[in-house]
Structure formats: C-alpha cells, structure tokens
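Trainee: Residue numbers (full-length UniProt numbering): 1 to 160. This is the structure I have questions about; it appears just below.
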C-alpha cells in the first residue's frame with residue numbers, strides 16, 4: 001500500500017501541474033512528505049483471509065480478501081487521508097488504469113491490530129488517546145521525532 005500511495009501521490013502532483021492547479025500541487029507535495037515521514041510501518045495491518053459466500057443457498061463460493069485491522073496507536077487522521085488517496089484511483093480513472101490482476105478486495109474491520117507502534121515519528125502522528133495511555137518509559141521508547149509535523153486539514157483541497 002505504501003508504494004502504491006506514493007505512486008498515486010506523485011501522479012497527482014503531475015496531474016495538478018498539467019492543470020496549473022498550484023494549490024493541488026502544494027497539497028500533493030505535502031502528502032508525499034507526510035508519506036515519507038510516516039513510512040511503510042504506518043500503513044494498515046492487512047491479513048489475507050478466505051470468506052465463504054452462499055450464492056443461492058446451495059453453492060458456496062470462496063473469496064480471498066484482505067482484512068484490514070485498526071492500528072490503535074495511529075492518529076485517526078491517517079485513516080481518513082489514506083481512504084482519500086485510495087479513492088483517487090476511481091476518481092482519476094483517466095490517469096490510473098487497471099493493469100494485470102485485479103487487487104484483492106479490502107474489508108475494514110473494527111478488530112484492533114497487535115502491530116506495535118513504530119518509533120521515531122512526530123507526536124502528531126500518534127493517536128492522542130494512545131499517547132495519553134503510555135507510561136513515561138513507554139513514551140521514551142517511542143523516540144518521537146522532536147520536529148513537529150502539522151496534520152493539514154484537507155477537505156478544502158478537494159474542491160475543483
């Protein structure tokens with residue numbers, strides 16, 4: 001997901017440049033910096049599972065899907081931003097065309113991942129509730145980046 005989101009972001013920078021959309025270029029360049037700071041460890045925890053569906057009460061079809069679990073330590077902002085980036089694939093279908101095998105369906109669940117919080121990120125990248133629950137030694141072990149990173153409100157950037 002990390003590499004795909006970076007490719008989408010880089011492509012959107014080019015799309016905005018082609019459209020002379022300076023605000024769009026600024027936004028997508030900021031997203032690229034945010035993705036680099038977050039890194040691969042900040043993407044969702046996926047697990048491949050098989051779901052059995054009954055089609056007509058008689059036949060059972062097996063579907064392979066990716067079950068996406070929640071990362072309790074990640075700021076909720078990232079879920080919203082990642083959903084937005086992922087949705088760009090459908091919106092900008094003239095830029096992004098499906099090649100090869102279709103990606104597995106991703107199903108978000110309310111199940112919490114046991115994946116530990118990656119260290120070295122700015123405090124704003126972690127969920128405030130998560131940070132508040134940590135002891136001082138646990139916070140110290142996170143080795144949070146001292147340089148703050150402001151999470152930008154982005155809904156206004158979607159207007160054409």
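Glycine residues also receive a C-beta, built at the ideal position from the N, C-alpha and C atoms.
Helix, strand or coil for residue 61, going by three-state DSSP, please let me know.
Mentor: In the three-state scheme derived from DSSP, where H, G and I count as helix and E and B as strand, residue 61 is classed as strand.
Trainee: Hey, how far is the Cα of residue 129 from the Cα of residue 139?
Mentor: 13 Å
Trainee: Report all residues from its chain with a CB closer than 7 Å to the CB of residue 116; omit the five preceding and five following residues, and keep chain order.
Mentor: So the list is empty, once near-sequence residues are dropped.
Trainee: Could you have a look at residue 34 and say whether DSSP puts it in helix, strand or coil?
Mentor: helix
Trainee: Buried or exposed: residue 136, going by 16 or more other Cβ atoms within 10 Å of its Cβ?
Mentor: exposed
Trainee: Identify the residues that DSSP records as bridge partners of residue 70: which are they?
Mentor: 112
Trainee: Classify residue 160 as helix, strand or coil using the three-state DSSP reduction.
Mentor: Caution is warranted here: a pLDDT of 40 is assigned to residue 160, below 50, making its placement in the model unreliable, and the coordinate value is therefore given only provisionally. Reduced to three states, the DSSP call for residue 160 is coil.
Trainee: Exposed or buried, residue 144, counting other C-beta atoms within 10 Å across all chains shown (16 or more means buried)?
Mentor: buried
Trainee: Can residue 8 and residue 85 be called in contact, C-beta distance under 7 Å?
Mentor: Taking the C-beta atoms as reference points, residue 85 is found nearer than 7 Å to residue 8.
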